[in-house]
Structures are given as C-alpha cells and as structure tokens.
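Per numbering that gives the first Met the number 0, the very first residue in the sequence shown carries number 0; after that it's consecutive. Each residue gets a CB set at the ideal place from its N, CA and C atoms; glycine is no exception. Please read the structure below before turning to the comments.
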Amino acid sequence: MSTQQKIIQWQLNTSFAIGVPDQISGSPLVLSKISGGRNAIWDIDLAKNVILLTASGGTLAVDFTNGQAGNQVPLVLSPYNGTPTQTQQWSFLIKGGYITSLANTSLVIDVKSRVATDGQPIWGYTFNGSPAQQWKAYDPFAALALIENETAEPA
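As structure tokens, then:
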C-alpha cells in the first residue's frame, strides 16, 4: 500500500485538523487541535482513495455513519479490510482544496456549523464552497512546525 502520513488541516482555522476522540470503530470524526497527537494523523492512500487512522494500523477508515452517504450524515471510523467500501472512498483531486465523497460526489467533508471548537463534529455536507469545507493535507511534522512558529513569541 502506498500511503502518505498526513495531518488534514482545516483551512478556516489552521489550528485545527480532522481527528477522533478514540481509535475504535464508530468513533466520530471531530475537529482536533493540531497538537492533539496520534488520533489526528492519517494514512492517505491516493490509489485506493481511502483515509485510514494511522494509530489503527490501517484497520479503521473514514466513513459515513452506518455506511450511508448523505447530506448532514456524521463521519465516523469504520473497519477497513484492505478494500474500501464505496462510502470509505474520498478524493482530494475532484475539487481542489476539498475532500469529496466518491459514493456521492456532491458531498464533501465539512465542519458542522463552522464552529472552531475542539471536538466539533465533522460530517458529509453538500458542496457549497464554504471555508468550513476546505482542507489541506500536511506532513505531520511540517504542520507542527508551522503551529510552533505561529505561536512563538517575537525575539
């Protein structure tokens, strides 16, 4: 598998990224402070169009709740067996800067109500170009260095 470890940073407020509160099946995707640790680092497999939680050892993928792609449906971790289900497939390329569901290409990953709070739910939502739907995948160490530079006090 040719994956790349990444933090998926929210572009509306770059202090946040996609994370999960726990590395178990059914755990909801939420906004997480970038410094939140291993539950905010993802293996992105562009060949299979799947996003896997690194801490799960490649066994948990980003999915719609109950495998039902729909508008305002929360995103969760679901079991991954090496071949993604239709609702576990996502594209970073269809709409640049957005993560599009391949189960329904009118849906993208979105932060519920645009609220920048640790633990805010992430769901599938109809594409509207909102800043709440914009993401950028970064190398985990580069992203942490950016945050440290932003918060460093001037000399």
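{"Check": "Using 10 angstroms around the beta-carbon of G128, count the other beta-carbons present and answer buried if the total reaches 16, otherwise exposed.", "Outcome": "exposed"}
{"Check": "In angstroms with no decimal places, state the Cα-to-Cα distance between M0 and V61.", "Outcome": "Because M0 sits at a pLDDT of 47, beneath the cut-off of 50, its placement in the model cannot be relied upon, and the following sentence gives the value as read from the coordinates. The alpha-carbon atoms of M0 and V61 are separated by roughly 17 Å."}
{"Check": "Does DSSP put F91 in a helix, in a strand, or in coil?", "Outcome": "coil"}
{"Check": "Could you tell me whether the segment 106–121 touches the segment 11–22, where touching means 3 or more Cβ pairs closer than 8 Å?", "Outcome": "yes"}
{"Check": "Scan the segment 26–96 and note each continuous beta strand (DSSP E) run of 3 residues or more that stays entirely inside, going in chain order.", "Outcome": "29–32, 41–44, 49–52, 59–63, 72–78"}
{"Check": "Mind checking I23: buried by the 16 CB within 10 Å criterion, or exposed?", "Outcome": "exposed"}
{"Check": "According to DSSP, A16 sits in a beta bridge with which residue or residues?", "Outcome": "Q8, S31"}
{"Check": "Counting C-beta neighbours from all protein chains within 10 Å, is the total for G123 16 or more, i.e. buried, or is it exposed?", "Outcome": "buried"}
{"Check": "Rounded to a whole number of angstroms, what is the C-alpha to C-alpha distance between T125 and F140?", "Outcome": "32 Å"}
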